[in-house]
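In this text, residue positions in the sequence shown follow this note's numbering: the first is 5, and each later residue adds one. Ideal Cβ positions, reconstructed from N, Cα and C, are used throughout, including at glycine. As structure tokens, the structure follows; a few thoughts come after it.
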Amino acid sequence: MKQHTKLLLGFIFGVTFGLIGYYYLPAKEFTFMTSFSEVMTFLGATFLRMIFMVVVPLILSALMLGTMELGKGAGLGKVGGLSLLYTLMLSGCAVIIAVVMTNILKPGVGLAFDKAALATNSGVLTLQSNAKAAQGKMWYQYIVDLMPQNPIDSAAKAFSGEIVALMIFALFFGWALSTVIKDDDHPMAQVLDSIFQASMKIIELAMKLAPYAIFGIVFNTAYKMGASFLGNVAYYALVAYPVLRGLWTSDQDACPDVAFWLLRSVQGGLSLRLHDGLVQCHPAGCAGVCRTRSETPAPHLALRADRRRLGQPERYRAL
Numbered sequence: 005m006k007q008h009t010k011l012l013l014g015f016i017f018g019v020t021f022g023l024i025g026y027y028y029l030p031a032k033e034f035t036f037m038t039s040f041s042e043v044m045t046f047l048g049a050t051f052l053r054m055i056f057m058v059v060v061p062l063i064l065s066a067l068m069l070g071t072m073e074l075g076k077g078a079g080l081g082k083v084g085g086l087s088l089l090y091t092l093m094l095s096g097c098a099v100i101i102a103v104v105m106t107n108i109l110k111p112g113v114g115l116a117f118d119k120a121a122l123a124t125n126s127g128v129l130t131l132q133s134n135a136k137a138a139q140g141k142m143w144y145q146y147i148v149d150l151m152p153q154n155p156i157d158s159a160a161k162a163f164s165g166e167i168v169a170l171m172i173f174a175l176f177f178g179w180a181l182s183t184v185i186k187d188d189d190h191p192m193a194q195v196l197d198s199i200f201q202a203s204m205k206i207i208e209l210a211m212k213l214a215p216y217a218i219f220g221i222v223f224n225t226a227y228k229m230g231a232s233f234l235g236n237v238a239y240y241a242l243v244a245y246p247v248l249r250g251l252w253t254s255d256q257d258a259c260p261d262v263a264f265w266l267l268r269s270v271q272g273g274l275s276l277r278l279h280d281g282l283v284q285c286h287p288a289g290c291a292g293v294c295r296t297r298s299e300t301p302a303p304h305l306a307l308r309a310d311r312r313r314l315g316q317p318e319r320y321r322a323l
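And the structure:
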């Protein structure tokens, strides 16, 4: 059975059994449901922690290794600069679409929240604190803040707004490594690659747990809120799906039409002259540059297009 089918079944079963529990097995009368709900919470939290705990090593190893490999080929300047430009453009496009669609369609209106719980939620408090801190900042301070004072501290605070600074550090450090490491078999490169591969193994393990975690998370939500949340979830899906389908073609190696239009507007024809030849970015093959359905690329699709359709050199693949 395919992974997406397992995830869908986990969601469906989670909703079904959660609603059955909400209406027919209330915790006040059936105390064993409290223990069952705790087990489901444990499953969901374990899955999320397995993903979160490898974010920092995965980002550091992937960006450092990719930048280092690219720098060895004397192609970091142009390819890196264009990649950064395209990333900023597509990320900005994604943010604009999300903000506009959310404000127009308001998919979350009507969803009931515990305001008292939200007032003490650490995530909400962090957002409020960051918003207050951002008020009154000079324009240049936003750029300066991208450079971490202490990379280790930024790594520890990656989920508190420091992840971009950590990525900037990884890119700079990877470039620096490319200037001093000339041997492909250098121990530092092998260490970074091992960290990257180990991180992917943990994610692979987490994905095996994902269907059960999805069941647990959705079950608890349905068990605590009943059917009231389904309307908002369904509306959100109806809002998000047409937008994604409108922006993305069905070809899994294709670029989004809107993103491709933006790219062609900036650089007519859009071609990247890599070290080993000309790689053209067009709707039939530019997954390595702009294939993404969220803020994070789909790596397996990008790498497959890089190798098979674009003939991209091996040393460029990690970045």
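Contact fails between the region 176-187 and the region 19-28, because fewer than three Cβ pairs, one in each stretch, are under 8 Å apart. The region 142-150 makes no contact with the region 28-48: fewer than 3 CB pairs, one atom from each, lie closer than 8 Å. In the three-state DSSP reduction, Gln-145 falls in the helix class (H, G or I). Pairing Val-60 with Ala-159 gives a Cβ-Cβ distance under 7 Å. Contact between the region 55-74 and the region 148-164 is present: three or more C-beta pairs spanning the two stretches fall below 8 Å.
Between Phe-173 and Gly-18, the C-beta gap is not smaller than 7 Å, which leaves the two residues out of contact. DSSP, read as helix, strand or coil, puts Gly-25 in helix. Taking the Cα of Thr-20 as reference, the smallest distance to any Cα among Met-5, Phe-219, Leu-242 and Asn-125 is reached at Phe-219. For Thr-130, the uninterrupted alpha helix (DSSP H) segment begins and ends at 126-138. Counting the other CB atoms within 10 Å of its CB gives Ser-203 a total of 16 or more, which places it among the buried residues. With a beta-carbon spacing of about 4 Å, Ala-169 and Pro-152 fall inside the 8 Å limit used to define contacts.
Note on geometry: alpha-carbon atoms of Val-99 and Thr-35 lie some 45 Å from one another. The straight-line gap separating the alpha-carbon atoms of Gly-14 and Ala-217 is approximately 8 Å. Straight-line measurement puts the Cα of Leu-129 at about 26 Å from the Cα of Ala-226.
Closest by C-alpha distance to Ala-135, out of Leu-11, Ser-182, Gly-165 and Leu-150, is Gly-165.
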